[in-house]
Structures are given as structure tokens and as C-alpha cells.
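Asker: No gaps in the numbering here: position 22 of the sequence shown is 1353 in the working numbering, and each next residue is one more. Let me begin by handing over the structure; questions about it come next.
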Amino acid sequence: MIYTYKDLIVWQKSMDLVIKVYELTKHYPNYELYNLTSHTRKTAVSIPSNIAEGRRRLTRKEFYRFLVIAYSSGAELETQIKIGKRLGYCKRKIIKNVDKLLNEIMRILNKMISKLKD
């Protein structure tokens, strides 16, 4: 039984993702601190934040809307990580874990969105 957003597996996994993204971006160059590092971290944080906010809303329609926002943030995060990778900022082992977890979260969100849309 799901009582709060904290019971949602997707929220739990997205919280884990935030930690992994912080670990990944701490290896970015200092001159990226207020650019790509900051933006990537904020985007990662927005995923569980939107899941939580949507779950606390009073309607299914609102929950759906916030899941779509979280899903969109996932795509944005994926893009930012690819940029970091192309610039050579990312450590292979860490990025592999981040990519795997992000893909899993995106699949879960996609299923939840599809079910709520019906």
C-alpha cells in the first residue's frame, strides 16, 4: 500500500540518483561550478521533488502533470550528463551507474504516466 511519496519506488530511486549525480559532478572542473555542475545538480533534484509535490496534490490530474515534469527533467538531466561526458568530465564507472539508474527511473515514470493518462 502506498501512503506517501516516500513509499514510491520511483521517488526512492530518484533520491539515489541525486546522490549519484552529486558524486559524478564533484569531478567536474571548478570553472563549471556555476554552470554545468550547478544546473545538472538542480535538474537531478527536480525529479524527486516533482514526484513528491505531485503526490501531495489532491487530484490524479495534478499528480500526472508533476510526473510529466519529472519525466521531462529526466530527459534534461540525460542531456546534461551527455554534455559532461562529451567534454570529458565524467568518470566512466560513475556515469555507467548514473545512466543505468536514470534509464530505470525514466521507464518507471513512463509507465506511471501511461497508467494515469488512461
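Where a beta carbon is used, it is the ideal one built from N, C-alpha and C, also for glycine.
If you measure between the beta carbons of VAL1341 and ILE1382, is that distance less than 8 Å?
Answerer: yes
Asker: Would a C-beta distance cut-off of 8 Å place PHE1394 and LEU1447 closer than the cut-off?
Answerer: Cβ atoms of PHE1394 and LEU1447: closer than 8 Å.
Asker: In its own chain, which residues sit with a C-beta less than 7 Å from the C-beta of LEU1433, not counting the 5 before and 5 after it?
Answerer: LEU1348, GLY1405, LEU1408, GLU1409
Asker: Please list, in chain order, all residues of the same chain as ILE1400 whose beta carbon is under 7 Å from its beta carbon, the five residues on each side excluded.
Answerer: ASN1381
Asker: Out of SER1403, ILE1412, LEU1440, point me to the one whose CA is closest to LEU1355's CA.
Answerer: ILE1412
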